[in-house]
Amino acid sequence: MDSATLEQLRYPIGKFNRPQNVSDQLLKDWIAILEYLPSKLETLVKDLTPEQLATPYRPEGWTIRQLIHHIADSHHHSYIRFKWALTEEQPVIKPYLEKGWANLFDAKMAPIDLSLNHLKAVHAKLVYLLKGLSRTDLERKFIHPDGKIETPLTINIGHYAWHGSHHYAHIENALKHKGWL
Numbered sequence: 271m272d273s274a275t276l277e278q279l280r281y282p283i284g285k286f287n288r289p290q291n292v293s294d295q296l297l298k299d300w301i302a303i304l305e306y307l308p309s310k311l312e313t314l315v316k317d318l319t320p321e322q323l324a325t326p327y328r329p330e331g332w333t334i335r336q337l338i339h340h341i342a343d344s345h346h347h348s349y350i351r352f353k354w355a356l357t358e359e360q361p362v363i364k365p366y367l368e369k370g371w372a373n374l375f376d377a378k379m380a381p382i383d384l385s386l387n388h389l390k391a392v393h394a395k396l397v398y399l400l401k402g403l404s405r406t407d408l409e410r411k412f413i414h415p416d417g418k419i420e421t422p423l424t425i426n427i428g429h430y431a432w433h434g435s436h437h438y439a440h441i442e443n444a445l446k447h448k449g450w451l
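If you read the sequence shown in my numbering, its first letter stands for residue 271, the second for the next number, and so on.
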């Protein structure tokens, strides 16, 4: 497989582009993506067989099951980062080793309903929180220890709207490629 094809499989909707300015409309669009991701994802995967869930989304990639559990784990971390940034002054977040988490027993074997239900709850709480924040609140930042990168909450909203859409596309493309969709 050539590198261009592999890159397309890895980033089916492209990489996240951090905008210079985040308009109110863009924020509303991103929050809507976060609001509807759990039901959209559940509709896509709820009837998959164990064989389908064990299918990697690309060569040497995670399985569809691992992707579903990863989305829930990652968005759980993001929710905590929002809370830290809103309650502490530019906190340094704790990163997590997503590859390690994806290789744990639960990510490889657990029923996907566990993560689908978790994602519904986390997103419901997150969207409720985001819709109640002022623009000043949304400009609060956290710092990622790798590179000391400051991330305003406005950008984190966009990043996680992209992240969910990115992995949704992985799953959708894998299902299409196998002729299951």
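Yeah, the Cβ is synthetic: ideal placement off N, Cα and C, and Gly gets one too.
* Identify the residues that DSSP records as bridge partners of residue 286: which are they? -> Position 16 of the sequence shown, counted from the first residue, corresponds to residue 286. None, per the DSSP bridge assignment.
* **Separation of residue 302 from residue 357, as counted between CA atoms** => As a working mapping, residue 357 is identified with position 87 in the sequence shown. As a working mapping, residue 302 is identified with position 32 in the sequence shown. When rounded, the distance between both Cα atoms is 24 Å.
* **Close-in-space but distant-in-sequence residues of the same chain around residue 430 (CB under 7 Å, 5 per side omitted)** => On the sequence shown, position 160 is the one that residue 430 refers to. Taken in chain order, the residues that qualify are 304, 345 and 348.
* Asked: If we ignore side chains and look at the alpha-carbon of each, how far apart do residue 444 and residue 323 end up?
  -> Here residue 444 is taken as the residue at index 174 of the sequence shown, counted from 1. Here residue 323 is taken as the residue at index 53 of the sequence shown, counted from 1. Whole-angstrom Cα-Cα distance: 10 Å.
* Asked: Which whole-angstrom value is the C-beta distance of residue 386 and residue 320, which I expect to be below 8 Å?
  -> Along the sequence shown, one-based indexing puts residue 386 at 116. Along the sequence shown, one-based indexing puts residue 320 at 50. Not confirmed; about 16 Å, so no contact.
* To do: Check residue 325 in the structure and name its three-state DSSP category.
  => Position 55 of the sequence shown, counting from 1, holds the residue named residue 325. Three-state result, residue 325: coil.
* Asked: By a C-beta neighbour count over all protein chains shown, 10 Å radius and 16 as the cutoff for buried, is residue 281 buried or exposed?
  -> On the sequence shown, position 11 is the one that residue 281 refers to. It counts as exposed.
* Asked: Excluding the five sequence neighbours on either side, which residues of its own chain have a C-beta within less than 7 Å of the C-beta of residue 397, listed in chain order?
  -> One-based indexing of the sequence shown puts residue 397 at position 127. Result list for residue 397: 301, 304 and 305, in chain order.
* To do: Could you tell me which uninterrupted alpha helix (DSSP H) segments, each at least 4 residues in length, are contained entirely in the stretch 289-317, listed from first to last along the chain?
  => 294-315
* Asked: Nearest-angstrom Cα distance between residue 426 and residue 343?
  -> As a working mapping, residue 426 is identified with position 156 in the sequence shown. As a working mapping, residue 343 is identified with position 73 in the sequence shown. Each residue's Cα considered, the two are about 16 Å apart.
* Asked: Which of helix, strand or coil does DSSP assign to residue 395?
  -> Walking along the sequence shown from the start, residue 395 turns up at place 125. Here residue 395 sits in helix by DSSP.
* **Rounded separation between residue 325 and residue 394 - CA only** => Here residue 325 refers to the residue found at position 55 of the sequence shown. Here residue 394 refers to the residue found at position 124 of the sequence shown. Rounded to whole angstroms, residue 325 to residue 394 spans 29 Å at the Cα level.
* Asked: Residues bridged to residue 414 by DSSP?
  -> As a working note, residue 414 is residue 144 in the sequence shown. BP columns for residue 414 point to 419.
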